[in-house]
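Asks:
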Amino acid sequence: MVQSFSDFEQSKHVIADVIILGCSLPGIVTAHKLKKKFGDSMEIVVLDLATTRKNDSKCNVAFQEDREEEIKDDICEGTAQEKLDNVARYYLALYSKEFNIPLPDAIIAPDFFKSDLSKLFECTNGSVVECRDNFYDFDYLNFFERFELNQYQELLDQHMKGLFQSHKIDDESERRQLQYYDRTAMEEHLCNSLLFSSSRDIMRLTVRLVCGAPADSVSLLFYLHQCYRSASARNHLDGDNTKLREKLLGFCRKRLTSKLQQSVANITYPAETIKEIRSYSQEQVILNGIKGETSYICSLLAMALRPDQLKNIQMGSDLLSRKDYEIASMMCPGKARKFVIQYEDNFWRRYGYSGDILSLRGPIIWATERPRMSTTGSQEKFSALVGYLKVKDNIINNKEVVVDQLIRLFGEEAGDMVSYKETDIQDVFVPKCGDYVGLRKLTTIGCRLLEWGALDVFAEGDVAAALEAGHTAYLHLLSCLRPQAQTYEELSAGEWPTLYTDSTVSKWIAGINIMKGVRLSIYSTLFYVGFRILQSFMRK
334 MVQSFSDFEQ
344 SKHVIADVII
354 LGCSLPGIVT
364 AHKLKKKFGD
374 SMEIVVLDLA
384 TTRKNDSKCN
394 VAFQEDREEE
404 IKDDICEGTA
414 QEKLDNVARY
424 YLALYSKEFN
434 IPLPDAIIAP
444 DFFKSDLSKL
454 FECTNGSVVE
464 CRDNFYDFDY
474 LNFFERFELN
484 QYQELLDQHM
494 KGLFQSHKID
504 DESERRQLQY
514 YDRTAMEEHL
524 CNSLLFSSSR
534 DIMRLTVRLV
544 CGAPADSVSL
554 LFYLHQCYRS
564 ASARNHLDGD
574 NTKLREKLLG
584 FCRKRLTSKL
594 QQSVANITYP
604 AETIKEIRSY
614 SQEQVILNGI
624 KGETSYICSL
634 LAMALRPDQL
644 KNIQMGSDLL
654 SRKDYEIASM
664 MCPGKARKFV
674 IQYEDNFWRR
684 YGYSGDILSL
694 RGPIIWATER
704 PRMSTTGSQE
714 KFSALVGYLK
724 VKDNIINNKE
734 VVVDQLIRLF
744 GEEAGDMVSY
754 KETDIQDVFV
764 PKCGDYVGLR
774 KLTTIGCRLL
784 EWGALDVFAE
794 GDVAAALEAG
804 HTAYLHLLSC
814 LRPQAQTYEE
824 LSAGEWPTLY
834 TDSTVSKWIA
844 GINIMKGVRL
854 SIYSTLFYVG
864 FRILQSFMRK
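Position in the sequence shown (from 1) plus 333 gives the number in the numbering used here.
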């Protein structure tokens, strides 16, 4: 292993067993696991390109005090117990336990904080409905809207359970079904299943919150995989929405990234722009920069860059096919915008409100009271509301319209704020409809010399998925480097119990919706009218 930065800097050719290209979260997870496994017995290098390391979103830190909280080993007040019923929570708990970082219930188990206070739902026309239950129960809608949305959530759950099965047979019918899910946009699917405009708008808003992209650019398969990671199609608007809260608060990302960067600091080196990646005799991978700069040679290369950075690198055709290159480079970067508004006290509770908001009108589309994130029991200086805003490219600051909306919801007291801040979130990269199957093949199979599992398609949008990707990439590299070094614990950590489908009757019931009823009524009416006309002609 390279022992000093000066030796590394002076050499024009750096040779290593494994190179991780990029300092993204999946990349440093992979590097950390390899370093922990092999130590100095293997040459491992992490290349930090000048364009890969971005400043952490300061809005993630703004929800807490500016100082870094000291995390004590013996203090676990306000932290979650073993509640690992979905993939997202599982990987957050796995790595938080490794670095001894207590996880607050506000992120890992938000349903522990159920309140008797009212939540607010704002319709498109500005009317406000109070509700006591979770937003995903849809009690703020009329009977027919509530019925079709509940049926649609159940239909998505049945699709999800039917897809992710270990006993699935790779036959022609299964492949056709998978291609259908991949090529069908969520906009098309929800419009074919939902009749009422309010129901459709709520689903569009949910897709935007989960994926950071509009429903017409998100495939049904991609969205179902997000539901699978949360164990249900309902864990988004409220309840166990760990992913949305972590994306909003940044508690785990900030701490885990810091610990992982410290772990791999002595094997991380700055590198100039990489212009070309090619193989040599199908035995080694060579990374070339601008002429005269350092070249890097390794036996295995893990790609931990963002998909959009591949456009600046010329890849050998034996390392990345043209089709896979187009799939990765055509991915759309998701985008979300979040805000925090601070008050001297949580005045909304005096009026019987919990601070939870779901709005079809905007600019706030989903918000909640800032939870107590401290694991040491310290009190926040100010109360605050945090949440997501509608994304509009031509608007830099929504302060005035946000305050107007809060005054409309909570009264004039909402105008007496202490501070306001909003910032962008770089959300997950969304593959083009029809490309998700190809992307999964690239990141799970890859090629013999390149590991694509650490490709940073998650940005700030899904820290648990980034941890999972880095862990999976580590297992792939380990199977190539030292298969005999794999342990049962490492292999089992990368496996997650599959979801089992309910009975055929449950699937049939889930498929019932108002749109199908309307179509059936129209077809029945046309058939009846046609039959009567035919009867009259026969009599004549």
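Every residue gets a Cβ at the ideal spot worked out from N, C-alpha and C, and that includes glycine.
Can the beta-carbon of Phe468 be found closer than 7 Å to that of Leu691?
Replies: yes
Asks: Near Met750, what residues of its chain come up, given a Cβ to Cβ distance below 8 Å and the 5 sequence neighbours on each side ignored?
Replies: Ile674, Gln675, Tyr676 and Val736
Asks: If we count the other Cβ atoms within 10 Å of its Cβ and call it buried at 16 or more, is Gly459 buried or exposed?
Replies: exposed
Asks: Assuming contact is defined by CB atoms lying nearer than 7 Å, are His365 and Leu593 in contact in what I supplied?
Replies: yes
Asks: Between the Cα of Ser565 and those of Gly685, Ala661 and Val420, spot the shortest distance and give me the residue it belongs to.
Replies: Just measuring C-alpha positions, the residue of Gly685, Ala661 and Val420 sitting nearest Ser565 is Val420.
Asks: How far does the beta strand (DSSP E) with Lys452 in it reach, from first residue to last?
Replies: Ser451 to Glu455
Asks: Ignoring anything shorter than 4 residues or poking outside the stretch 697 to 784, list the alpha helix (DSSP H) runs there in chain order.
Replies: 732 to 743 and 769 to 777
Asks: Report yes if the CB atom of Gly583 is closer than 7 Å to the CB atom of Thr606, and no otherwise.
Replies: Not closer than 7 Å, so no.
Asks: Would you call the CB atoms of Lys576 and Asp795 closer than 7 Å?
Replies: The Cβ atoms of Lys576 and Asp795 sit closer than 7 Å to each other.
Asks: So is Asn433 buried or exposed if we call it buried at 16+ other beta carbons inside 10 Å?
Replies: exposed
Asks: Tell me which residue opens and which closes the beta strand (DSSP E) that Ile440 is part of.
Replies: Careful: Ile440 lies outside any beta strand (DSSP E), inside the alpha helix (DSSP H) at Asp438 to Ile441.
Asks: Do Glu481 and Ser532 come within 7 Å of each other at the CB atom, strictly closer than that value?
Replies: yes
Asks: Go to Met636, then tell me how far its beta strand (DSSP E) extends in each direction, as first and last residue.
Replies: Counted as a single uninterrupted DSSP element, the beta strand (DSSP E) harbouring Met636 occupies residues Ser628 to Met636.
Asks: Can you confirm whether the stretch 795 to 805 touches the stretch 421 to 429 when touching is taken to mean that 3 or more C-beta pairs between the two stretches lie within less than 8 Å?
Replies: yes
Asks: Beta-carbon separation of His670 and Asp760 under 7 Å?
Replies: Here residue 670 turns out to be Arg, not His, going by the sequence shown. It is not a contact, given that the beta carbons lie outside the stated cut-off.
Asks: What three-state label does DSSP hand Cys665 in the structure shown?
Replies: strand
Asks: With DSSP run on the structure shown, which of helix, strand or coil describes Asp381?
Replies: It is a strand residue.
Asks: In terms of residues, what are the limits of the alpha helix (DSSP H) holding Asp515?
Replies: Glu505 to Arg516
Asks: Would you kindly check if the distance between the Cβ of Leu638 and the Cβ of Gly355 is under 7 Å?
Replies: yes
Asks: Can you look up Thr606 in the DSSP assignment and give me helix, strand or coil?
Replies: coil
Asks: Which value, in whole angstroms, describes the spacing of the CA atoms of Gly767 and Phe864?
Replies: 42 Å
Asks: Pick out whichever of Asp689, Arg611 and Gly545 has its Cα sitting closest to the Cα of Phe791.
Replies: Gly545
Asks: Is the beta carbon of Ser451 closer than 7 Å to that of Tyr807?
Replies: no
Asks: Tell me which residues share the same chain as Thr744 and place their Cβ nearer than 8 Å to its Cβ, disregarding the 5 neighbours each side in the sequence.
Replies: With the sequence shown as reference, residue 744 is identified as Gly, and Thr is not the correct amino acid for it. Around Gly744: Tyr684.
Asks: Closer than 8 Å is the cut-off here; do at least three beta carbon pairs connect the stretch 645 to 662 with the stretch 694 to 706?
Replies: With the cut-off at 8 Å, the stretch 645 to 662 and the stretch 694 to 706 do not touch.
Asks: Tell me whether Leu853 is buried or exposed, calling it buried when 16 or more other Cβ atoms sit within 10 Å of its Cβ.
Replies: exposed
Asks: When you compare only the Cα positions, how much space is there between Tyr769 and Ser552?
Replies: 8 Å
Asks: Mind checking whether Leu811 and Cys456 have CB atoms under 7 Å apart?
Replies: The Cβ atoms of Leu811 and Cys456 lie no closer than 7 Å to each other.
Asks: Counting only the same chain and skipping the five closest in sequence on each side, list residues whose C-beta sits under 8 Å from that of His881.
Replies: This structure cannot speak to residue 881, because the chain is shown only from 334 to 873.
Asks: What is the DSSP secondary structure of Phe529, counted as helix, strand or coil?
Replies: coil
Asks: Would you give the residue range spanned by the alpha helix (DSSP H) that Gly495 belongs to?
Replies: Phe476 to Leu496
Asks: When DSSP labels each residue in this structure, what does Ile535 get in the three-state scheme?
Replies: helix
Asks: Based on the DSSP output, what are the partners of Thr601 in its beta bridges?
Replies: Val379
Asks: Pull up the CB-CB distance for Ser550 and Val724, whole angstroms please, since I reckon it's below 8 Å.
Replies: In this structure, Ser550 and Val724 do not form a Cβ contact; the two beta carbons are roughly 13 Å apart against a cut-off of 8 Å.
Asks: Please confirm whether Gly360 and Ile353 have their CB atoms less than 7 Å apart.
Replies: Yes, these two residues count as a Cβ contact at 7 Å.
Asks: Please name the residue in His346, Val347, Lys644 and Lys370 whose C-alpha comes closest to that of Thr820.
Replies: Lys370
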